[in-house]
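Down below is the structure, laid out as structure tokens.
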Amino acid sequence: MPIRKKSVDGTPAFALRVLREAIEREGMSVSHLEDHFSVLKEAGITPVQAYTVHFSSPRITSRLLSKNAEMAVDLPLSVAIVSEAGRTFFIYRDMHNMFSDFQGAEMVNVINIVNSALERVTDSAVGIAESKEHKE
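Structure representation (structure tokens):
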């Protein structure tokens with residue numbers, strides 16, 4: 001599945017804060033945060049700084065599920081935050097590939113809405129990060 005990736009200056013913890021802010025600005029809410037770093041550290045494994053943020057919007061969720069309730073298996077939306085080679089990235093999947101089992105022009109329109117939401121949130125987070133003076 002094609003992955004989309006956006007770079008942001010700062011630590012993964014900083015990127016997490018600006019992503020949460022962007023999600024809230026878009027009228028969405030974080031439903032779960034997976035802190036991979038802490039899980040690995042607790043298990044005694046060399047930790048990697050990474051998070052996965054799961055978030056949703058009732059409006060988007062209802063549009064998807066009203067078209068096909070089976071789409072619930074791929075919800076909520078997710079963005080990973082990882083650090084590679086001294087850079088921090090927002091990473092997420094292109095929803096056209098994620099929902100490739102669901103066909104039809106109407107479904108494509110709904111999937112475009114989901115992709116647009118992911119683009120807006122990550123673009124907003126990058127913009128917020130760029131406006132902050134202290135990036136950790």
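Mapping the sequence shown onto UniProt numbering, position 72 (from 1) lands on 72, and the numbers just tick up by one. We put the beta carbon where it would ideally sit given N, CA and C, even for glycine.
Three or more pairs of CB atoms, one per stretch, sit closer than 8 Å, so the stretch 20 to 33 contacts the stretch 113 to 128.
Within the same chain, and ignoring the five residues on either side of Asp94 in sequence, the residues whose Cβ sits closer than 8 Å to its Cβ are Met1, Pro2, Ile3, Arg4 and Asn115.
Bounds of the alpha helix (DSSP H) holding Leu118 are Ala105 to Ser131. Per DSSP, reduced to three states, the secondary structure at Glu42 is helical.
Ranking Ser62, Ile128 and Val82 by CA distance to the CA of Leu75 puts Ser62 first. Gly104 and Asn68 have their C-alpha atoms some 11 Å from each other. For the 8 Å CB-CB criterion, Tyr92 and Val108 do not form a contact. Annotation for Asp35: Tyr51 place their beta carbon closer than 7 Å to its own, counting only its chain and skipping 5 residues before and after. Ile113 is positioned such that its CB atom lies no closer than 8 Å to that of Leu16. A straight line joining the alpha-carbon of Val121 with that of Val8 spans about 13 Å. For Ser31, the enclosing beta strand (DSSP E) begins and ends at Ser29 to Asp35.
Residues Val30 and Val53 of the same chain have their beta carbon placed closer than 8 Å to that of Arg20, with the five preceding and five following residues left out of the count.
Val18 and Ser124 have their C-alpha atoms spaced approximately 8 Å apart.
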